[in-house]
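Engineer: Here you go, one structure.
There are 2 protein chains.
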Amino acid sequence: MIETEIFRALADPTRHAIFRKLAAGAMNASALRQGMAISQPAMSQHLAVLRRARLVREERQGRFVNYRIDPDGLALVARWLAKYRDYWPARIDALKTVLEDMD
Amino acid sequence: MIETEIFRALADPTRHAIFRKLAAGAMNASALRQGMAISQPAMSQHLAVLRRARLVREERQGRFVNYRIDPDGLALVARWLAKYRDYWPARIDALKTVLEDMD
DNA sequence: CCAATACATAAGTACATACTTATATGATTC
DNA sequence: GAATCATATAAGTATGTACTTATGTATTGG
Numbered sequence: 041m042i043e044t045e046i047f048r049a050l051a052d053p054t055r056h057a058i059f060r061k062l063a064a065g066a067m068n069a070s071a072l073r074q075g076m077a078i079s080q081p082a083m084s085q086h087l088a089v090l091r092r093a094r095l096v097r098e099e100r101q102g103r104f105v106n107y108r109i110d111p112d113g114l115a116l117v118a119r120w121l122a123k124y125r126d127y128w129p130a131r132i133d134a135l136k137t138v139l140e141d142m143d
Numbered sequence: 041m042i043e044t045e046i047f048r049a050l051a052d053p054t055r056h057a058i059f060r061k062l063a064a065g066a067m068n069a070s071a072l073r074q075g076m077a078i079s080q081p082a083m084s085q086h087l088a089v090l091r092r093a094r095l096v097r098e099e100r101q102g103r104f105v106n107y108r109i110d111p112d113g114l115a116l117v118a119r120w121l122a123k124y125r126d127y128w129p130a131r132i133d134a135l136k137t138v139l140e141d142m143d
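Taken in sequence, the protein lines are chains A and B. In the working numbering, each residue's number is its place in the first sequence (first place is 1) plus 40. In the working numbering, each residue's number is its place in the second sequence (first place is 1) plus 40.
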């Protein structure tokens, strides 16, 4: 199940940090490493896991590979969440506000 | 970070199955085991992980411990998701519909 | 082409984790 | 209060996973 892969991908603090960093703006693998105390192969492996989970996308640009957030993964999390609407607390403020804005 | 614990908890297929089962209705640990090919200690340990992640709540009822979905965990996932609204695809239909109904 | 750069893959290792069996705790019934 | 039932915890083990170093592949510039 793809959702399991998504949750597994986000369960690792390092990968979660990479995801957050990409959310602040697309960048290549080298740029991602800046200030992260992580080896090049480790970064590459983490990005592969995030890719398989559809949380990020790659786009080759010459020698560089640019990474960006993949909306598919987020959409899958949203769908997962929607399945449990019966259990949502009365106010999920942040989310509600955001979705009102979407219209 | 609590979100990491939530994702970690849901990353395991067995725990995810337990969560889904509880979403269909609260029940005690023995009932949860029905049709799941899982030992009693394993179930107990999984429930402990789900509890720590705020995905389920326990309520002792005599000899039994009744488990139910904890809305807190879901709310935290919702808040996490809301942080990345910039990357949501134009239509997260399911979620949108659900939240419209909430009003 | 050849060297350099950016990234991916391979293979090995240390630690995390999901399981097991055994035992403890907590609650009910006789 | 002894036996029993429901669940939790302890301790050990096998597998998974996040890292390492070494090497491979793709792209560019000289």
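Beta carbons are placed, not taken as given, at the ideal position from N, Cα and C, and that holds for glycine. Being a predicted model, the structure only gives us computed values, none of them experimental.
Give the residues of chain B in contact with Leu50 of chain A, contact being defined as C-beta atoms less than 7 Å apart.
Structural biologist: Neighbours of Leu50 of chain A on chain B, chain order: Phe47.
Engineer: Which runs of the alpha helix (DSSP H) fall wholly inside the stretch 74-133 of chain B and span at least 4 residues, in chain order?
Structural biologist: The qualifying runs are 80-92, 111-122.
Engineer: Please report the distance separating the alpha-carbon of Asp126 of chain B from that of Ala71 of chain A.
Structural biologist: Distance between the alpha carbons of Asp126 of chain B and Ala71 of chain A is about 21 Å.
Engineer: Could you check which residue in B:Ala51, B:Ile58, B:Ala49, B:Leu50 has the C-alpha nearest to that of Arg108 of chain B?
Structural biologist: The option with the nearest alpha carbon to Arg108 of chain B is B:Ile58.
Engineer: Going along chain A, which residues have a C-beta under 8 Å from Tyr124 of chain B?
Structural biologist: Going along chain A in sequence order, the residues near Tyr124 of chain B (Cβ under 8 Å) are Ala63, Ile109, Leu114.
Engineer: Just the Cα atoms here: how many angstroms apart are Gln85 of chain A and Val117 of chain A?
Structural biologist: The alpha-carbon atoms of Gln85 of chain A and Val117 of chain A are separated by roughly 22 Å.
Engineer: Looking at Ala93 of chain B and Ala49 of chain B, is the spacing between their C-beta atoms short of 8 Å?
Structural biologist: Yes, the Cβ-Cβ distance between Ala49 of chain B and Ala93 of chain B is below 8 Å.
Engineer: List the residues of chain A whose Cβ lies closer than 9 Å to the Cβ of Leu90 of chain B, in chain order.
Structural biologist: Simply none; closest approach about 13 Å.
Engineer: Using only CA atoms, which one of B:Arg55, B:Trp128, B:Pro129 lies nearest to Arg91 of chain B?
Structural biologist: Residue B:Arg55 is the option with its Cα nearest to Arg91 of chain B.
Engineer: Any heavy atom of the ligand MG closer than 7 Å to the CB of Ala71 of chain A?
Structural biologist: As for the ligand MG, it is missing from this structure, which has no ligand bound.
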